[in-house]
Structure formats: C-alpha cells, structure tokens
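Asks: Below you'll find the structure I mean.
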Amino acid sequence: MSNMDLALKDMMVIEGAIGAAVVDYSSGMALGMLSSTKSLDLQVAAAGNTEVVRAKLRTIEQLGLNEEIEDMLITLSSQYHVIRPMTGRKSKGLFLYLALDRNRANLAMARHRLRGIEEDLDV
C-alpha cells in the first residue's frame with residue numbers, strides 16, 4: 005500500500021470524514037481520493053478547490069505577505085471542507101482536501117489530525 009493510500013485512509017478515519025483527496029493544484033486533478041458517500045463528487049471538489057487555493061495564493065502574493073497558508077476552512081450548513089496546502093519540498097503544489105459531516109466532526113481535532121497526516125505524507 006502506498007504512502008498516499010495510507011494518508012487517505014488516515015484522513016477517512018477522522019471523526020465525521022465523508023471524503024478525502026490529495027490534489028495537484030497546478031492541474032486541478034486528484035492524485036488520490038476516498039469517499040464514504042456517492043453524494044460528494046471528489047473530482048469536482050478537487051477542481052473547484054484548486055481555484056480557491058490559487059486565488060488565495062495569488063492574493064497573498066499581491067498583498068506582499070510573507071506568509072504560508074496553514075489551512076482553509078469552508079463551512080456549509082451541514083459540512084466542513086478543510087483544505088491544507090502541503091509544504092514539503094517534494095509535495096509543493098499539492099493540497100489535502102477533507103470533507104466532514106458537520107454534525108459528527110470535531111473541527112479542532114480534524115485540523116490537528118490533518119496537520120499530522122500532511123507532515124507524514126511523502127509524495
């Protein structure tokens with residue numbers, strides 16, 4: 005089993021997880037994905053969230069901020085969507101995407117676990 009497969013499985017055992025993906029934001033393509041529901045199209049989510057990441061990175065650059073994004077949170081009425089750009093030398097240009105059921109998820113714990121998964125993942 006690959007390192008990415010293990011990372012995706014680790015993401016899916018986070019309480020409330022309904023979908024997980026590792027996405028290349030230069031192409032918008034998911035390199036790997038897992039879901040527990042048919043109602044979440046991870047291909048569409050990967051492409052759409054690529055635009056979110058690109059826009060935020062562009063804005064940070066235009067503002068002249070010397071900052072890195074830790075994660076981005078999108079809250080919906082029934083879900084949380086967490087986007088975590090990867091910072092490793094070999095994984096630059098990728099982000100982790102985690103969709104959570106808002107009623108079952110502990111957002112602080114999910115963010116903490118996602119940070120650990122990102123640190124351990126070598127793509």
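Residue numbers for the sequence shown follow my numbering, so the first one is 5 and each next one is one higher. Idealized CB from N, CA, C, for every residue including glycine.
I'd like the ranges of any beta strand (DSSP E) spanning at least 3 consecutive residues and lying wholly in the stretch 16-49.
Replies: 21-28, 33-39
Asks: From what residue to what residue does the alpha helix (DSSP H) around R119 run?
Replies: 111-124
Asks: When the distance is taken between beta carbons, is L46 closer than 8 Å to M33?
Replies: In this structure, L46 does not lie closer than 8 Å to M33 by Cβ.
Asks: Between which two residues does the beta strand (DSSP E) harbouring V86 extend?
Replies: Bounds of the beta strand (DSSP E) holding V86 are 83-89.
Asks: Sorted by chain position, which residues of the same chain lie with C-beta nearer than 8 Å to V127's C-beta, five sequence neighbours on each side aside?
Replies: N7, M8, V26, L35, M90, G92, K94, S95, L98
Asks: Helix, strand or coil: which one does DSSP assign to L100?
Replies: strand
Asks: Pick from L44, Y84, M76: whose alpha carbon is nearest that of T54?
Replies: T54 has its Cα closest to that of M76, out of L44, Y84, M76.
Asks: May I ask you to report which of helix, strand or coil DSSP gives D131?
Replies: Lying outside 5 to 127, the shown extent of the chain, residue 131 is not represented and no answer is given.
Asks: Closest to T41 by C-alpha separation, out of E72, R62, N70, Q83, would be which residue?
Replies: Q83
Asks: Out of L125, L10, L44, S30, which has the shortest C-alpha to C-alpha gap to I22?
Replies: L44
Asks: Could you say which of L61, R117, L125 lies nearest to G20 if we only look at CA atoms?
Replies: R117
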